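Per our numbering, the very first residue in the sequence shown carries number 899; after that it's consecutive. Quick reminder that beta carbons are idealized off the backbone N, C-alpha and C, glycines included. A quick note: this is a predicted structure, and the numbers were derived from the prediction, not measured. Inspection log for the structure reproduced underneath, given as structure tokens.
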Amino acid sequence: MNSKSVTVIGGGLAGAEAAWQLARQGAAVTLYEMRPKLSTGAHHTALLAELVCSNSLRAADLGNAVGLLKEELRQLDSLIMRAAAATEVPAGGATAVDRTEFAQFVTRAVESHPLITVCRQEITELPKSGTVIVASGPLTSSALAEHLRQALEAPYLAFFDAAAPIVLADSIDMSQAFMASRYGKGEAAYINCPLNEEEYDRFYQALIAAERQQLSDIDTTACFEGCMPIESMADRGRDTPLFGPLKPVGLTDPRTGKRPFAVLQLRQDNRGATMYNLVGFQTRLTWREQKRVFSLIPALRHAEYVRFGVMHRNTFIDSRSVLWPTLQWRKDARVFFAGQVTGVEGYVESAATGLVAGINAYRFAQGMEPLVLPVVTAHGALINYITEHSPSPLQPMNVTFGLFPPLASPPRERRLRNLAYAERAMRELTEFFCKHSPNCLCG
Ligand SMILES: Cc1cc2nc3c(=O)[nH]c(=O)nc-3n(C[C@H](O)[C@H](O)[C@H](O)COP(=O)(O)OP(=O)(O)OC[C@H]3O[C@@H](n4cnc5c(N)ncnc54)[C@H](O)[C@@H]3O)c2cc1C
899 MNSKSVTVIG
909 GGLAGAEAAW
919 QLARQGAAVT
929 LYEMRPKLST
939 GAHHTALLAE
949 LVCSNSLRAA
959 DLGNAVGLLK
969 EELRQLDSLI
979 MRAAAATEVP
989 AGGATAVDRT
999 EFAQFVTRAV
1009 ESHPLITVCR
1019 QEITELPKSG
1029 TVIVASGPLT
1039 SSALAEHLRQ
1049 ALEAPYLAFF
1059 DAAAPIVLAD
1069 SIDMSQAFMA
1079 SRYGKGEAAY
1089 INCPLNEEEY
1099 DRFYQALIAA
1109 ERQQLSDIDT
1119 TACFEGCMPI
1129 ESMADRGRDT
1139 PLFGPLKPVG
1149 LTDPRTGKRP
1159 FAVLQLRQDN
1169 RGATMYNLVG
1179 FQTRLTWREQ
1189 KRVFSLIPAL
1199 RHAEYVRFGV
1209 MHRNTFIDSR
1219 SVLWPTLQWR
1229 KDARVFFAGQ
1239 VTGVEGYVES
1249 AATGLVAGIN
1259 AYRFAQGMEP
1269 LVLPVVTAHG
1279 ALINYITEHS
1289 PSPLQPMNVT
1299 FGLFPPLASP
1309 PRERRLRNLA
1319 YAERAMRELT
1329 EFFCKHSPNC
1339 LCG
């Protein structure tokens, strides 16, 4: 390892963003990515920033906290947001990307940067010197996870996460489906697969009785609510999926002119629109059972699967006891953590912590004070949540306006209130980075 360059461990959403931020400020970076030599079980390629499940970066609009987080990322010249802009596919009010083009864009940008060296190698221990960013993700290799567990002197926390299947577009029976976005929002971006009550009941009975993958300790460890397998949702009762991934609200079947009893939405997964993913259908059914049970949805009777759903352990550190809000390890300030391993949840949140770790690792390496972002910004609120002192154990979290300090005079209407949070965040972010720039004119 070159002791002069900053070391980044892991070339996922967080590691790629961190490396980019370091390099754009002028630091030399050595990025270690263990794939393709060693895989995680959820990744399928050797590309950096591979999206392991959904191809959605969620809501686009500023009235939603993840929309704001993305806007802040754009303001701070995020590589992940550049890639998203270049590879976007229609998703009716959300940001979704062609997953292969997205990861290729990031890989090209990182590998071709003159200040970044990418080494395809597993790192099993923290380097003993130099500035380091650990961004090894929810599926950190076992050797590194064990080393970190001992070094941090704290147990890893864990829960389970799942990925949804993807089907070939031309295997979907379009005579049993229709194109629309919920409530007519944006373009008609989704393929909607309706079920009548009889079809739904047949599907539901098959789903709860279907064979599931046996994974050790899976039933004793919590699932992340936002990624709950469809069959676990069904276990809660017949109607539960009808308020989740099979909800029909905001959709009218043009064949009947009525709202269907249940609807599964399929989202475009690549630019060529040859693949679609089953939105919200994360699952741990065996692959054979996925094919059998999902074929009870009329439009999927003959569906061909490009990828079946899978379920994986998701590990993260107790950031509340080991990290400063600069994302530095309290015991050894030259070591930074970023991404899902810190207890944030989601692609955008992982990239956001990668961006902050990249900015701060650069400052640390240059002898400057690392930054604590204002808590009124989406970046600041999220990092404050994972690092704040609290008696309750850290639960992985997506960014939400619930994490923000209250507004001085909040509008009563929710959407206006959210936009006020966003307006305050963007104003403070601009002022904050202006103050910390060498050419600040803020006064
Ligand atoms: C099954 C599953 C489904 C998910 N579905 C979604 C979803 O639909 N939407 C969503 O927003 N988020 C989802 N997530 C969460 C998602 O993983 C994160 O949001 C995001 O990928 C985390 O980014 P990251 O950079 O922290 O980790 P990753 O993107 O996983 O990157 C970590 C990288 O580090 C590498 N690595 C690990 N150990 C080592 C080592 N010792 N040495 C060198 N390299 C190493 C890995 O190969 C990997 O490339 C899912 C996670 C899982 C596991």
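Neighbour-count burial assignment, Cys-1125, 16 or more Cβ in a 10 Å radius
Counting every other CB atom within 10 Å of its CB across the protein chains shown gives Cys-1125 a total of 16 or more, marking it as buried.
Where do the N-terminal and C-terminal ends of the alpha helix (DSSP H) with Ser-1130 fall, by residue?
1128-1133
Please report the straight-line C-alpha distance between Leu-1351 and Phe-1141, rounded to a whole angstrom.
With the chain covering 899 to 1341 only, the question about residue 1351 has no answer from this structure.
Residues in the same chain with beta-carbon distance under 8 Å from Gly-1052, minus the five sequence neighbours each way, listed in chain order, please.
First, the amino acid is wrong: residue 1052 is Ala here, not Gly. If the five residues before and after Ala-1052 are omitted, its C-beta is found closer than 8 Å to the C-beta atoms of Ile-1215, Asp-1216, Ser-1219, Val-1220, all from its own chain and listed in chain order.
Bridge partners - Ser-1335, DSSP secondary structure assignment:
In the DSSP output, where bridge partners are listed per residue, Ser-1335 has none listed.
Answer with buried or exposed for Met-1131, where buried requires no fewer than 16 other C-beta atoms within 10 angstroms of its C-beta.
buried
Tell me the rounded alpha-carbon separation between Leu-1183 and Pro-1336.
55 Å
Which stretch, first to last residue, makes up the beta strand (DSSP E) that contains Arg-1165?
For Arg-1165, the enclosing beta strand (DSSP E) begins and ends at 1160-1166.
Cβ separation of Phe-1235 and Val-1032, assumed to be a contact under 8 Å, to the nearest whole Å
5 Å
For Ala-1323, the nearest candidate out of Leu-971, Arg-933, Leu-936, Ala-957 (CA to CA)
Ala-1323 has its Cα closest to that of Leu-971, out of Leu-971, Arg-933, Leu-936, Ala-957.
Using 8 Å as the Cβ pair cut-off and three pairs as the minimum, do the region 1171-1182 and the region 1002-1012 touch?
no
Note the first and the last residue of the continuous alpha helix (DSSP H) segment covering Phe-1000.
997-1009
What number of angstroms, rounded off, separates the C-alpha of Arg-922 from the C-alpha of Gly-1256?
10 Å
Does the beta carbon of Pro-1165 fall short of 7 Å from some heavy atom of ligand 1?
With the sequence shown as reference, residue 1165 is identified as Arg, and Pro is not the correct amino acid for it. False, no ligand heavy atom lies under 7 Å from that Cβ.
Roughly how many whole angstroms lie between the Cα atoms of Leu-1280 and Arg-1153?
45 Å
Buried or exposed: which applies to Met-1077, given that a residue is buried once 16 or more other Cβ atoms fall within 10 Å of its Cβ?
Per the 10 Å Cβ criterion, exposed.
Could you tell me whether the region 1163-1170 touches the region 994-1001, using the rule of 3 or more Cβ pairs below 8 Å?
These segments touch.
Shorter than 7 Å, the distance from the beta carbon of Cys-1332 to the closest heavy atom of ligand 2, or not?
The ligand content of the structure shown is limited to ligand 1, which means ligand 2 is not among them.
By Cβ distance below 6 Å, which residues in the same chain neighbour Tyr-930 in space, the five residues on each side in sequence not counted?
Ile-907, Cys-1017, Gln-1019, Ile-1021
Taking C-alpha atoms, which residue in Leu-1105, Thr-985, Lys-1229 lies nearest to Ile-1128?
Leu-1105
Taking only the alpha-carbon atoms, compute the straight-line gap between Leu-1194 and Glu-1326 and give it to the nearest angstrom.
52 Å
In chain order, what are the residue ranges of uninterrupted beta strand (DSSP E) at least 3 long that sit wholly in the region 951-1002?
Those beta strand (DSSP E) runs which fall completely within the region 951-1002 and span 3+ residues are 954-957, 992-995.
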